[in-house]
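Participant:
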Amino acid sequence: EPEVTQTPSHQVTQMGQEVILRCVPISNHLYFYWYRQILGQKVEFLVSFYNNEISEKSEIFDDQFSVERPDGSNFTLKIRSTKLEDSAMYFCASRLVDNTGELFFGEGSRLTVL
Amino acid sequence: QKEVEQNSGPLSVPEGAIASLNCTYSDRVSQSFFWYRQYSGKSPELIMSIYSNGDKEDGRFTAQLNKASQYVSLLIRDSQPSDSATYLCAVNGGATNKLIFGTGTLLAVQP
Numbered sequence: 014e015p016e017v018t019q020t021p022s023h024q025v026t027q028m029g030q031e032v033i034l035r036c037v038p039i040s041n042h043l044y045f046y047w048y049r050q051i052l053g054q055k056v057e058f059l060v061s062f063y064n065n066e067i068s069e070k071s072e073i074f075d076d077q078f079s080v081e082r083p084d085g086s087n088f089t090l091k092i093r094s095t096k097l098e099d100s101a102m103y104f105c106a107s108r109l110v111d112n113t114g115e116l117f118f119g120e121g122s123r124l125t126v127l
Numbered sequence: 008q009k010e011v012e013q014n015s016g017p018l019s020v021p022e023g024a025i026a027s028l029n030c031t032y033s034d035r036v037s038q039s040f041f042w043y044r045q046y047s048g049k050s051p052e053l054i055m056s057i058y059s060n061g062d063k064e065d066g067r068f069t070a071q072l073n074k075a076s077q078y079v080s081l082l083i084r085d086s087q088p089s090d091s092a093t094y095l096c097a098v099n100g101g102a103t104n105k106l107i108f109g110t111g112t113l114l115a116v117q118p
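Here the protein sequences line up with chains A and B, keeping their order.
Here the first sequence is numbered in the numbering used here, starting from 14 and rising by one per residue.
Here the second sequence is numbered in the numbering used here, starting from 8 and rising by one per residue.
(1) Looking only at its chain, what residues have a beta carbon closer than 8 Å to the beta carbon of Asn87 (chain A), apart from the 5 residues adjacent to it on each side?
(2) Taking only beta-carbon atoms, is Arg82 (chain A) less than 9 Å away from chain B?
(3) In chain order, what are the residue ranges of uninterrupted beta strand (DSSP E) at least 3 long that sit wholly in the stretch 65–92 of chain B?
(4) Hey, would you say Tyr46 (chain A) sits closer than 9 Å to Lys105 (chain B), going by beta carbons?
(5) Helix, strand or coil: how does DSSP classify Leu97 (chain A) here?
(6) Can you list, in chain order, the residues of the stretch 109–120 of chain A whose Cβ is nearer than 9 Å to any Cβ on chain B?
(7) Straight-line CA distance for Ala7 (chain A) to Ile51 (chain A)?
(8) Quick one: Cα of Gln45 (chain B) to Cα of Leu81 (chain B), how far?
(9) Glu69 (chain A) versus chain B: which residues are under 7 Å apart at the beta carbon?
(10) Under the assumption that Gly16 (chain B) contacts Leu113 (chain B) (Cβ atoms under 8 Å), give the Cβ distance between them as a whole number of angstroms.
(11) When the Cα atoms are used, what is the spatial distance from Val17 (chain A) to Gly121 (chain A)?
(12) Leu43 (chain A) to Ser107 (chain A), Cα distance in whole Å?
(13) Within 9 Å of any Cβ in chain B, is that where the Cβ of Phe104 (chain A) sits?
(14) Let me know if Thr125 (chain A) comes out buried or exposed under the rule of 16 or more other beta-carbons within 10 Å of its beta-carbon.
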């Protein structure tokens, strides 16, 4: 069964360092999303991406965040200068271009900022 | 601010019983409603979707939608210990059909 894959599964970094989280969405999906979940809190929307550009972003997604689709398969989230409060699980999700809206999530990347 | 509200629980039910999970949402224009299951430390897993008023059944799961009351529910029949997880209600919203999640209800099925 097709699935969304994410790497790394866990990354530990020092505050102020840059981090890149990688995702391979399901191959025929065209909408891509990043969500985050701080431990014990809700799953929060960060950004959506379609047709090689950001289509919507939340107020969490400030200038330190960026997304890119560098090739035909990968979708990345970059955090330029990590802060302690960036520690969270980051989930990539993708969906078809249809009206069902069903999102399929990857297993997540746990980011720990020290 | 579009909101999705859930009772955080925990909801404790004995094995074999029916678990009833509830959710309300604030955005009247939402058209798609989802229930995800999330085990501790894992990613959300889609278990049910519902788009029109009424009931939708899939195996032991039944989703119920009432758009007039802005209310979605999930019934789990014959609950099993393996159903113990956090159940996330999600509602579509915004221009890109992003999902807005509730805080989730922790379900504990007691053997």
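For glycine and all other residues, C-beta sits at the position ideal for the given N, C-alpha and C.
Facilitator: This is what the structure gives:
(1) Answer for Asn87 (chain A): Arg35, Cys36, Val37, listed in chain order.
(2) Interface with chain B (9 Å Cβ-Cβ cutoff): Arg82 (chain A) is excluded.
(3) Those beta strand (DSSP E) runs which fall completely within the stretch 65–92 of chain B and span 3+ residues are 68–73, 78–83.
(4) It is a contact, given that the beta carbons lie within the stated cut-off.
(5) Assigned with DSSP and collapsed to three states, Leu97 (chain A) falls in helix.
(6) For the stretch 109–120 of chain A, the residues whose beta carbon sits under 9 Å from a beta carbon of chain B are, in order, Asn112, Thr113, Gly114, Glu115, Leu116, Phe117, Phe118, Gly119, Glu120.
(7) Given a span of 14 to 127 for chain A in the structure shown, any question on residue 7 (chain A) remains unanswerable.
(8) Gln45 (chain B) and Leu81 (chain B) have their C-alpha atoms some 14 Å from each other.
(9) Neighbourhood of Glu69 (chain A) in chain B, by CB distance below 7 Å: Gly101, Ala102, Thr103, Lys105, in chain order.
(10) Between Leu113 (chain B) and Gly16 (chain B) the Cβ distance is about 4 Å, and since that is below 8 Å, they are a contact.
(11) Cα to Cα, Val17 (chain A) sits roughly 9 Å from Gly121 (chain A).
(12) Taking the straight line joining both Cα atoms gives about 7 Å.
(13) Yes, because at least one Cβ of chain B sits closer than 9 Å to the Cβ of Phe104 (chain A).
(14) By the 10 Å Cβ count, Thr125 (chain A) comes out exposed.
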